[in-house]
Amino acid sequence: MNRLSIPRFGFAVAAACTIAYVGCVFVMMTVPQETAIKFFNSLMHGVDVTTIMRSDMPIWETILGTIETFVLGWLFGAFIACCYNCCAKPLRSTELGS
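Shown next, in the form of structure tokens:
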């Protein structure tokens, strides 16, 4: 099995999580609150987000949330890559093509 690059995989997961977070911010900024609630309720498979939905977040909280999402995404991606690399079987010379 090939080994994963820990920093690259961490960055890929962090970028994907950050894009999803920014997408959620975009939805919250562009649609009415009732539409956003219906949208996020449909994503959460029956969990009612009405009581936890905030539409009046200051910009600094949004920026901080974006940074936190990136950092946590990188850490989670790096953890996955570490686990994958530790559990991967080493390649035999016949598998390498030599």
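The UniProt record's numbering puts the first residue of the sequence shown at 1, with every later residue one more than the last. The C-beta atom is built at its ideal place from N, Cα and C for all residues, glycine as well. Just so it is clear, the structure is predicted and the values come from calculations on it, not from any experiment.
Contact between Val13 and Gly73 holds: CB atoms are separated by about 5 Å, below the 8 Å threshold. Every alpha helix (DSSP H) of 4 residues or more that sits fully in the segment 55 to 87 is shown, in chain order, as 59 to 87.
Following the DSSP letters along the chain, one finds Ile19 inside the alpha helix (DSSP H) bounded by residues 6 to 30. Three or more Cβ pairs drawn from the segment 83 to 92 and the segment 2 to 16 lie within less than 8 Å of each other, which places the two stretches in contact. Approximately 7 Å separates the beta-carbon atoms of Tyr21 and Gly65; this is inside 8 Å, confirming the contact.
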